[in-house]
Structures are given as C-alpha cells and as structure tokens.
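Protein chains in written order, with this note's numbering: chain P, 14 to 125; chain F, 57 to 167.
Since the structure comes first, as structure tokens, the remarks are kept for the end.
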C-alpha cells in the first residue's frame with residue numbers, strides 16, 4: 014500500500030457520460046497530480062493541485078476538470094466521455110520538500 | 057524542465073547486471089535525478105534518486121558523472137520480476153513541482 018488511495022479501481026461507462034475519479038493523497042502530502050496513461054503509452058500529465066489551488070496544467074481536455082478539497086483529497090471529473098478517453102488514470106502525491114512522487118494504483122476507465 | 061533521453065527497450069537475462077543510461081544535457085543546478093519503475097497496470101514506483109556521484113540502496117545503484125549530463129541506473133542480478141518500464145526524470149523537488157515522464161525504457165528479462 015503506497016498510501017495514496019484511488020477509487021474506484023475499475024469503471025465502465027458509456028460514451029457521452031460523466032464520471033468522477035477520487036484520490037486521497039498520502040497523509041501530510043499537499044500536492045496532488047493526475048496522470049493519464051492510455052494503452053502502451055507513456056504517462057501524460059493532466060493537472061496538479063497544491064493545498065487546494067491549481068498549480069500546473071498539462072494536456073488536460075476542456076471536458077476534464079479537477080479540484081482539491083480542504084481535506085486534501087482530489088477529484089478528477091471527466092465529462093462527455095469518448096472511446097479515446099479509455100485509459101488508466103493515476104493520482105500521485107508529494108510533500109512540500111520531497112524527493113519524489115507516490116503513486117496510487119490507478120483507476121482503469123473503459124468507455125464503451 | 058530538463059529533457060531526458062533513454063533507450064526505448066533493453067533485453068537481459070536472469071542473473072545479469074543491467075545498466076540503463078539516461079542523457080540529460082540541459083540539467084539545471086538544482087535538479088535531482090530520479091528513477092521510477094512501472095509494472096503493467098500499476099502506478100510508477102520510486103526506485104532511487106541522486107544529485108551527484110553514486111547512490112546505492114537495496115534495489116539499485118545510480119551513477120552520476122561529474123558533469124551530471126547523464127546518469128546510469130544499475131540493477132544487479134536481475135530476475136524475471138524486474139521486467140518493467142523504467143523512467144528517468146530530472147527536476148527540482150523542493151516545491152512539489154510537476155514532473156514530466158518521458159517514454160521510459162522497457163526492460164525485458166528473459167529466463
């Protein structure tokens with residue numbers, strides 16, 4: 014157990030639908046990062062939150078949004094889903110002065 | 057962010073030592089070098105990190121020359137379970153900065 018919890022582990026939904034992925038960071042970590050990994054592809058950075066504020070944005074689609082709540086958990090919202098959104102979505106967290114990320118086990122999203 | 061270049065894939069056999077080299081010519085003074093390991097359908101896992109010279113832990117060694125423009129991850133006596141993708145990342149960590157993962161090196165360990 015890495016200390017970063019992601020739910021659900023698997024999600025199957027239809028095109029056009031909206032889903033919410035949840036991430037609880039490791040205790041004490043203020044930063045949360047979201048990554049997307051499609052089949053046999055690298056990790057694509059989506060967005061980072063630090064203590065509730067958006068810190069950095071990567072290649073995140075306008076149909077996707079995220080937020081970090083006062084208790085530091087984060088949610089990634091994916092709407093108007095398309096087949097191409099099927100992927101593994103990873104959340105990672107880090108502390109203020111840390112030497113690396115801790116990743117969760119991911120949410121596998123399948124859009125049918 | 058410093059750009060990294062590493063081999064796309066490598067093959068090895070059980071019991072051998074594997075060295076994966078990463079080039080990072082434009083590494084900045086405050087940048088650290090970190091390696092992650094990723095198994096299929098799992099999140100990346102931190103392996104080792106260094107700033108200069110040599111770092112060793114129970115899993116691997118990291119060799120960094122004086123100019124810091126490259127680094128080499130060394131895995132001693134690999135086993136089948138070391139088959140994974142290995143990512144080299146370069147960045148500054150003291151403020152929880154975002155890191156960019158490159159394509160990584162796909163290591164295949166054969167019996």
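The beta-carbon is built from N, C-alpha and C at its ideal position, and this holds for glycine as well.
Just so you know, these numbers come straight off a predicted model, no measurement behind them.
* Asked: For residue 139 (chain F), which residues from the same chain have a beta carbon less than 7 Å from its beta carbon, with the 5 sequence-adjacent residues on both sides left out?
  -> 163, 164 and 165
* In angstroms with no decimal places, state the Cα-to-Cα distance between residue 53 (chain P) and residue 119 (chain P). => 15 Å
* **Close-in-space but distant-in-sequence residues of the same chain around residue 145 (chain F) (CB under 6 Å, 5 per side omitted)** => 90 and 155
* **Cβ neighbour criterion (16 or more within 10 Å) applied to residue 125 (chain P)** => exposed
* Asked: Just to confirm, are residue 55 (chain P) and residue 160 (chain F) a CB contact at a threshold of 8 Å?
  -> yes
* Asked: Curious, which full-length beta strand (DSSP E) runs of at least 3 residues does the segment 58-132 of chain F contain?
  -> 65-69, 74-79, 88-94, 101-106, 109-112, 117-120 and 126-131
* Look at the Cβ atom of residue 62 (chain P), then the Cβ atom of residue 49 (chain P), and state whether they are nearer than 8 Å. => no
* Compare the Cα-Cα distances from residue 86 (chain P) to each of P:32, P:104 and P:122 and report the closest residue. => P:104
* Interface residues of chain B facing residue 29 (chain P) [CB-CB closer than 8 Å] -> Among the chains of the structure shown, chain B does not appear; the protein chains present are P and F.
* Asked: Using a Cβ-Cβ cut-off of 6 Å (strictly less than) and excluding sequence neighbours within five positions of residue 73 (chain F), which residues of its own chain qualify?
  -> 132
* Buried versus exposed, by CB contacts within 10 Å (16 or more), residue 34 (chain P) -> buried
* **Other residues of its chain near residue 117 (chain F): CB distance less than 6 Å, five sequence neighbours each side excluded** => 130
* Which class does residue 147 (chain F) belong to by DSSP, given the choice of helix, strand or coil? -> strand
* Asked: Quick one, are the C-beta atoms of residue 115 (chain P) and residue 25 (chain P) less than 8 Å apart?
  -> no
* **Alpha-carbon spacing of residue 115 (chain F) relative to residue 21 (chain P), whole angstroms** => 31 Å
* Taking 7 Å as the cut-off, is the CB of residue 94 (chain F) close to at least one heavy atom of the ligand PLP? -> Because no ligand of any kind appears in the structure shown, any question about the ligand PLP cannot be addressed here.
* Asked: Residues of chain P with CB under 8 Å from residue 97 (chain F), in chain order?
  -> 101, 119 and 121
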